[in-house]
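Engineer:
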Amino acid sequence: AVVESDRGNLRLELEHHHSALAAAKEDADVASNAYEVERLSFSQRESNFVQQVHSLEKRLAAEERNAIESTKEQSAILAKLKKEIAVVESDRDNARLEMEKKKMVLSELTLELFKTK
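Sequential numbering of the sequence shown, starting at 27, is according to the working numbering.
1) Work out the CA separation of K106 and K127 for me, nearest whole Å.
2) Which value, in whole angstroms, describes the spacing of the CA atoms of L47 and R65?
3) Output the distance between the C-alpha atoms of H43 and R33, rounded to the nearest integer angstrom.
4) Using the C-alpha atoms, what's the distance from S101 back to K108?
In structure tokens, the structure reads:
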């Protein structure tokens, strides 16, 4: 009867351990599933960040190209304006010289006119 009692106790203890093991396995499965959900969520967020960075890098490159083109256009406009200014200044200087020449000729003619009187 003692042996039967020990067997019964061992069987109850074994069932208790099996039950505890099953509960631990179920807890581990739940934790594993929760971890997998978190891992997938993190992976998705990371993928979104990578896409955002890539998109921003493309925009930055496009803005840099536009800025370079704009700078080239502005430089060309400035160079053209400087040439136009130089031409106008040269024309002005030539007109002054022409005026000075005509003034000198007029002065000479005036002197000649007074000499003859």
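Beta carbons: idealized from backbone N, C-alpha and C, even for Gly.
Structural biologist: The answer reads as follows:
1) Stepping through the sequence shown from its first residue, residue 127 is reached at position 101. Stepping through the sequence shown from its first residue, residue 106 is reached at position 80. In a straight line, the C-alpha of K127 is about 31 Å away from that of K106.
2) Position 21 of the sequence shown, counted from the start, is the residue given in the question as residue 47. Position 39 of the sequence shown, counted from the start, is the residue given in the question as residue 65. Note on geometry: alpha-carbon atoms of L47 and R65 lie some 26 Å from one another.
3) The sequence position of residue 43 within the sequence shown is 17, counting from 1. The sequence position of residue 33 within the sequence shown is 7, counting from 1. H43 and R33 have their C-alpha atoms roughly 15 Å apart.
4) Counting from 1 along the sequence shown, the entry for residue 108 is found at position 82. Counting from 1 along the sequence shown, the entry for residue 101 is found at position 75. About 10 Å.
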